[in-house]
Amino acid sequence: MRQRIEHDSSRRTHRSPRSGATPRSSRRGAAPRVVFFVGSDSDLPAVEPGLQVLEKFGVSHELRIASAHRTPEAVRSLVAQYEAGGTQIFVCAAGMAAHLAGAVAALTTRPVIGIPLASGPLSGFDALLSTVQMPPGVPVATVSVGPAGALNAAYLACRVLALSDDDLGARLLVARSETAAEIARKDEKRRQPKAET
Ligand code: RP5
16 MRQRIEHDSS RRTHRSPRSG ATPRSSRRGA APRVVFFVGS DSDLPAVEPG LQVLEKFGVS
76 HELRIASAHR TPEAVRSLVA QYEAGGTQIF VCAAGMAAHL AGAVAALTTR PVIGIPLASG
136 PLSGFDALLS TVQMPPGVPV ATVSVGPAGA LNAAYLACRV LALSDDDLGA RLLVARSETA
196 AEIARKDEKR RQPKAET
């Protein structure tokens, strides 16, 4: 049974989809299907595209600011609470020596997706290695650096959830067809002869 999440610091809830899709878990106080953790509020702009994808597909989610280095006890407590509440996937974004995704993966057996962010002088290469180079047995599915990675993290989360959610799977197929149609439209437009002036 899903439990109410009590920890409420730095909490941002996304439960209102922009498109027609309706979140499965929209009960007030119920755990979201996906939790996005960011290591700092300075990471928020980089993860926004991912949050928009989850909204588009009507996947209930919450964003929390919690740091593996600065607030390790909060990370531990939040993972335990969300896991007990029924959250299915954790997405973790951090920059520099990015240990957030790995720390969360150490605390849960549910899928963890890591987004390395370009926060320091090494432009995300530091965070990429810190996130992707996990020891055997503690996996973090690592996506690309920055906002494009955040977007793909959300798509990947949707694909995992769609394994047991046919409606979500159907919405993903529609989105893929729309993307293909858009590219075909652009190609066609480019091929049309320009009007003479
Ligand atoms: C990491 O350090 C955070 O994820 C952020 O990307 C980076 C810098 O954090 P701030 O100093 O901006 O809070 O832990």
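In my numbering, the protein residues as written are 16 to 212. Glycine residues also receive a C-beta, built at the ideal position from the N, C-alpha and C atoms.
Distance between Arg-85 and Glu-197, taken at the CA atoms: about 44 angstroms.
For Val-147, the CB contacts under 8 angstroms within the same chain, skipping 5 residues up- and downstream, are Gly-129, Pro-131, Val-155, Thr-157 in chain order. Assigned with DSSP and collapsed to three states, Glu-197 falls in helix. The C-alpha of Ala-83 is placed about 49 angstroms away from the C-alpha of Glu-203.
Counting of Cβ neighbours within 10 angstroms places Ser-192 among the exposed residues, the total staying below 16. As DSSP reads the structure, Leu-132 sits in a beta bridge with Gly-110. Selection Gln-67, Ala-89, Gly-152, Val-49 evaluated against Gly-101 yields Val-49 as nearest (Cα-Cα). Secondary structure at Thr-157: strand, using DSSP grouped into helix, strand and coil.
Under DSSP, Val-127 forms a beta bridge with Phe-105.
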